[in-house]
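Since the structure comes first, as structure tokens, the remarks are kept for the end.
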Amino acid sequence: MDCFSAMTANLRFGRAQDGEHGWEFRKDAFLELFRTYKPDILAVQEANDFQAEHLIQRLEEYDCAGFRKNAPDFWQSNILFFKKPWALKKHRHIFYSDTPDEESKWEDSKWPRQGTLVQLEKDGKTLACVDTHYDFKPEVQARSARLLLNVLEEFAPGLPTLVMGDFNAKPDSSCRKEFEQGGFQDPFDRRFGGTHHNFTGKDDGRRIDWILYRGGIEPVKASRKIVRDRFCGVYPSDHFQVYCEFTWKS
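Read left to right, the sequence shown gives residues 21 to 270 (the working numbering).
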């Protein structure tokens, strides 16, 4: 079966004062996680520069898009890793604002939230992927979804598409409804539980990390997993990771 795998992982930003859960105690856990699941496409969020460099230097079997070097201290990149021989055809970076090509944000947004968009090609097939991280207010989330849908109409018209990331919103949110109206589906349902656990290993019921899809691909249902395991003896993040495999529709 001709399939590929995708994973989304919120790294938990490395400058957070997390004590025993700080980045230095978790960074190798992420490497073990990624090497265990070997996703073809890996979307990470909340990557400070030094976190991005740690992964880029060690995940030698991957190329990536979305890393912006010498970012401000508050900056967190959304980086899309893709396993070779997937090839990058096209790349765009957006801000969720009225001026998406400039560093900016909407007034009601706490942070300058961003999205990394790519077109990837392998064996003559092209896939669009988005890695993103949304703000907290529902109205800003819904507005962000509408902006991204509009951008995708220009960036990847008609292409099979994955949208992955931390949406800070549950599946019954207005944000999700915007994506559904745009043709996106969710391989997961409420049986899978939440994805945020604050390093406790017990989710708080909120499934805020998603992999959405549309177009000429479909999920392999048996592959769907919210990864709740420890790696190197620790939880890699305060979020669980989301993993799914997809096949191309014939």
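For every residue, glycine included, the Cβ atom is placed at its ideal position computed from N, Cα and C.
- The beta-carbon separation of Val138 and Leu169, rounded to 17 angstroms, does not stay under the 8 angstroms limit for a contact.
- For Glu44, the uninterrupted alpha helix (DSSP H) segment begins and ends at 43-57.
- For Phe175, the CB contacts under 8 angstroms within the same chain, skipping 5 residues up- and downstream, are Lys110, Arg112, Leu137, Gln139, Ala148 in chain order.
- In this structure, the straight-line span from the alpha carbon of Pro207 to that of Pro177 is close to 22 angstroms.
- Within the same chain, and ignoring the five residues on either side of His259 in sequence, the residues whose Cβ sits closer than 6 angstroms to its Cβ are Asn30, Thr215, His216, Asp229.
- Note: Ile246 is bridge-paired with Val262 in the DSSP secondary-structure output.
- For the options Glu80, Trp268, Gln71, Phe187, the alpha carbon positioned closest to that of Phe87 is the one of Gln71.
- When DSSP states are grouped into helix, strand and coil, Ala36 belongs to the coil group.
- Note that the C-beta distance between Glu265 and Val240 is below 7 angstroms.
- Secondary structure of Cys252 (DSSP, three-state): coil.
- Along the stretch 147-190, the alpha helix (DSSP H) occurs as fully enclosed runs of 4 or more residues at 158-175, listed in sequence order.
- Taking the Cβ atoms as the reference, Ser25 lies roughly 7 angstroms from Tyr263, within the contact range of under 8 angstroms.
- Taking the Cα positions, Asp128 is about 9 angstroms away from Glu159.
- Between Leu75 and Phe102, the beta carbon gap of about 13 angstroms keeps them out of contact (Cβ cut-off 8 angstroms).
- Per DSSP, the continuous beta strand (DSSP E) segment holding Lys109 begins and ends at 107-115.
- Gln65 and Asp151 do touch by the CB rule: their CB atoms are close to 7 angstroms apart, below 8 angstroms.
- Under the three-state reduction of DSSP output, Phe24 falls in the strand class.
- Around the C-beta of Phe156, fewer than 16 other C-beta atoms lie within 10 Å, and the residue is accordingly described as exposed.
- Residues of the same chain with a CB within less than 6 angstroms of the CB of His41, apart from the 5 flanking positions on each side, are Phe219 in chain order.
- Counting every other CB atom within 10 Å of its CB across the protein chains shown gives Pro59 a total of 16 or more, marking it as buried.
- Pairing Pro132 with Gln261, the inter-Cα distance amounts to about 23 angstroms.
- By a beta-carbon distance limit of 8 angstroms, Gly135 contacts Ile114. Their separation comes to about 5 angstroms.
- Nearest to Leu108 by C-alpha distance, out of Trp95, Ala85, Pro180, Val171, is Ala85.
- In the structure shown, Ile228 adopts coil according to DSSP, grouped into three states.
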